[in-house]
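*Asks:* The structure under discussion is supplied below as structure tokens; questions concerning it will follow.
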Ligand SMILES: [Zn+2]
């Protein structure tokens with residue numbers, strides 16, 4: 009089962025308080041496939057969502073939607089309010105019902121009702137991708153007016169979404185993991201919020217490991233680069249008979265490097281019979297490189 013199907017199953021099972029039920033039912037209907045005097049219909053691939061919706065509509069309006077299942081490859085559940093009188097009754101439940109594309113603010117008794125309404129909208133037209141693959145949440149709206157209404161309501165609740173207009177509607181979406189987390193929390197998806205946070209932590213650990221790896225290889229390449237410079241200088245001094253006339257401390261450093269071309273400074277210090285510090289040795293080798301550069305100007 010996909011991440012989103014699991015999430016919708018979880019959301020459809022959230023225990024809804026009585027004050028929230030009209031808002032939740034209205035949210036599912038308003039953001040479903042059709043919501044007008046002519047047709048009130050919800051279409052979903054999720055059986056649990058379809059069944060919970062039918063029970064909820066019955067509980068709130070005493071109207072039983074006709075539930076059918078179709079689809080050849082994947083099952084599609086369709087819940088329709090078949091009688092016009094019932095549709096009128098539902099549209100009359102909110103003063104905003106007349107416009108068919110408005111958020112029914114008169115159904116919001118408390119904040120919890122707003123959250124339930126948003127949960128309803130998501131059940132009807134929302135999608136969240138598996139966060140292990142991609143952070144993306146979206147609402148697929150029938151028209152721009154409805155998209156603007158929902159975007160405004162979500163923004164009031166601290167969740168900012170972007171809008172794209174489409175040929176037959178509009179899309180609200182976000183790719184921000186923190187916004188997705190906020191949305192999941194607001195809708196009451198405890199389990200999935202936690203799994204998203206887990207994924208985020210895992211991702212950040214993976215990023216840190218990669219960063220550390222890159223950092224290590226950057227350090228390694230710096231060491232190699234420095235060693236190549238030093239060996240070039242030492243080879244040159246040797247070929248031009250200058251090596252053995254260097255001061256003793258530079259000569260010993262040069263020989264140490266020549267014999268251990270791939271060692272780090274720390275390793276060279278450990279190999280040396282003198283008590284050398286890394287910065288002391290680095291200073292001596294830098295002097296050799298500087299001498300070589302001066303001779304080759
Ligand atoms: Zn409520």
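Numbering (the working numbering), first residue to last: 9 to 305. Idealized CB from N, CA, C, for every residue including glycine. Remember, it's a predicted structure, so these values are computed and weren't measured experimentally.
Kindly indicate which three-state DSSP category residue 71 falls into: helix, strand or coil?
*Replies:* Sequence index remark: in the chain shown, residue 71 carries index 63 (1-based). In the structure shown, residue 71 sits in coil (DSSP, three-state: anything other than H, G, I, E or B).
*Asks:* Collect the residues with a C-beta less than 7 Å away from any heavy atom of ligand 1 and give them in sequence order along the chain.
*Replies:* Those satisfying the condition are, in chain order, 25, 27, 28, 31, 117, 118, 120, 121 and 124.
*Asks:* Starting from the C-beta of residue 102, find all residues in its chain whose C-beta is less than 7 Å away, skip the five residues before and the five after it, and write them out in chain order.
*Replies:* One-based indexing of the chain shown puts residue 102 at position 94. These residues qualify, in order along the chain: 34, 112, 114 and 115.
*Asks:* Can you give, in chain order, each stretch of the beta strand (DSSP E) that sits fully within the segment 163–209 and has at least 3 residues?
*Replies:* The qualifying runs are 170–174 and 177–182.
*Asks:* Taking only the alpha-carbon atoms, compute the straight-line gap between residue 153 and residue 171 and give it to the nearest angstrom.
*Replies:* Sequence index remark: in the chain shown, residue 153 carries index 145 (1-based). Sequence index remark: in the chain shown, residue 171 carries index 163 (1-based). So the alpha carbons of these two residues sit roughly 11 Å apart.
*Asks:* Taking the C-alpha atoms as reference points, what is the distance between residue 84 and residue 42?
*Replies:* Within the chain shown, the letter at position 76 stands for residue 84. Within the chain shown, the letter at position 34 stands for residue 42. Roughly 15 Å separates the two Cα atoms.
*Asks:* Whose C-beta lies closer than 8 Å to the C-beta of residue 201 among residues of the same chain, with five residues either side of it excluded?
*Replies:* By one-based count along the chain shown, residue 201 stands at place 193. Within the same chain, residue 201 has close Cβ partners 189, 192 and 193.
*Asks:* For residue 146, report the span of its beta strand (DSSP E) as first-last.
*Replies:* Here residue 146 is taken as the residue at index 138 of the chain shown, counted from 1. 145–149 is the extent of the beta strand (DSSP E) around residue 146.
*Asks:* Is the Cβ of residue 116 closer than 8 Å to any Cβ of chain B?
*Replies:* Looking for chain B here will not work: only one protein chain is present.
*Asks:* So within the segment 267–305, which uninterrupted alpha helix (DSSP H) runs reach at least 4 residues, ignoring any that extend past its ends?
*Replies:* Listed in chain order, they are 273–279 and 286–303.
*Asks:* Taking its Cβ as the centre, do 16 or more other Cβ atoms sit within 10 Å of residue 277, making it buried, or is it exposed?
*Replies:* In the chain shown, counting from the first residue as 1, residue 277 sits at position 269. Buried, by the Cβ-count rule.
*Asks:* If we call anything under 8 Å between Cβ atoms a contact, is residue 18 one with residue 197?
*Replies:* The residue labelled residue 18 in the question sits at position 10 within the chain shown. The residue labelled residue 197 in the question sits at position 189 within the chain shown. The answer is yes: Cβ separation under 8 Å.
*Asks:* By the 10 Å Cβ neighbour count, where 16 or more other Cβ atoms means buried, how is residue 247 classified, buried or exposed?
*Replies:* Position 239 of the chain shown holds residue 247. Per the 10 Å Cβ criterion, exposed.
*Asks:* What residues in its chain sit with their C-beta under 6 Å from that of residue 74, if we drop five residues either side in the sequence?
*Replies:* Locating residue 74 in the chain shown gives position 66, counting from the first residue. The answer, listed in chain order, is 88 and 90.
*Asks:* How long is the line joining the alpha carbons of residue 232 and residue 14, rounded to whole angstroms?
*Replies:* Your numbering for residue 232 matches position 224 in the chain shown. Your numbering for residue 14 matches position 6 in the chain shown. Whole-angstrom Cα-Cα distance: 52 Å.
*Asks:* Within the same chain, show all residues whose beta-carbon is closer than 6 Å to that of residue 135, passing over the 5 residues directly before and after it, in chain order.
*Replies:* Counted from its first residue, the chain shown places residue 135 at position 127. Closer than 6 Å at Cβ, skipping near neighbours: 12 and 146.
*Asks:* Just to confirm before moving on: does the CB-CB distance between residue 22 and residue 127 stay below 8 Å?
*Replies:* Indexing the chain shown from 1 puts residue 22 at position 14. Indexing the chain shown from 1 puts residue 127 at position 119. Yes, they are a contact pair.
*Asks:* Just confirm the distance between the C-beta atoms of residue 129 and residue 39, as a whole number of angstroms; I'd bet it's less than 8 Å.
*Replies:* On the chain shown, position 121 is the one that residue 129 refers to. On the chain shown, position 31 is the one that residue 39 refers to. 4 Å between Cβ atoms; contact.
*Asks:* Please determine, among 174, 105, 184 and 175, the residue with the shortest C-alpha to C-alpha distance to residue 144.
*Replies:* In the chain shown, residue 144 corresponds to position 136, counting from 1. Closest by alpha carbon: 184.
*Asks:* Just verifying my parser: in three-state terms, what is the DSSP assignment at residue 87?
*Replies:* Your numbering for residue 87 matches position 79 in the chain shown. Residue 87: strand per DSSP, three-state reduction.
*Asks:* Kindly indicate which three-state DSSP category residue 43 falls into: helix, strand or coil?
*Replies:* One-based indexing of the chain shown puts residue 43 at position 35. Strand, per DSSP.
*Asks:* Report the option in 293, 55 and 24 whose CA atom is closest to the CA atom of residue 259.
*Replies:* Your numbering for residue 259 matches position 251 in the chain shown. The candidate whose alpha carbon is nearest that of residue 259 is 293.
*Asks:* Rounded to a whole number of angstroms, what is the C-alpha to C-alpha distance between residue 44 and residue 36?
*Replies:* Taking the first residue of the chain shown as 1, we reach residue 44 at position 36. Taking the first residue of the chain shown as 1, we reach residue 36 at position 28. C-alpha separation (whole angstroms): 13 Å.
*Asks:* Does DSSP put residue 222 in a helix, in a strand, or in coil?
*Replies:* Indexing the chain shown from 1 puts residue 222 at position 214. Three-state DSSP puts residue 222 in a helix.
*Asks:* Report all residues from its chain with a CB closer than 6 Å to the CB of residue 245; omit the five preceding and five following residues, and keep chain order.
*Replies:* In the chain shown, the residue the question calls residue 245 occupies position 237. 251.
*Asks:* Do you know how far the Cα of residue 46 is from the Cα of residue 77?
*Replies:* Along the chain shown, read from residue 1 onward, the residue named residue 77 stands at position 69. Along the chain shown, read from residue 1 onward, the residue named residue 46 stands at position 38. Cα to Cα, residue 77 sits roughly 21 Å from residue 46.
*Asks:* So, with DSSP's three-state summary, where would you put residue 21?
*Replies:* As a first step, residue 21 is located in the chain shown; it is residue number 13 there, counting from the start. In this structure, residue 21 counts as coil in the three-state DSSP scheme.
*Asks:* So, for residue 207: in the same chain, excluding its five sequence neighbours on each side, which residues have a beta-carbon less than 6 Å away from its beta-carbon?
*Replies:* Mapped onto the chain shown, residue 207 falls at position 199. If we look at residue 207 and ignore the five residues flanking it on each side, its Cβ neighbours are 139 and 140.
*Asks:* Ligand 3 and residue 255: does any heavy atom of the ligand fall closer than 7 Å to the residue's C-beta?
*Replies:* Within the structure as shown, ligand 3 is missing, the only ligands being ligand 1.
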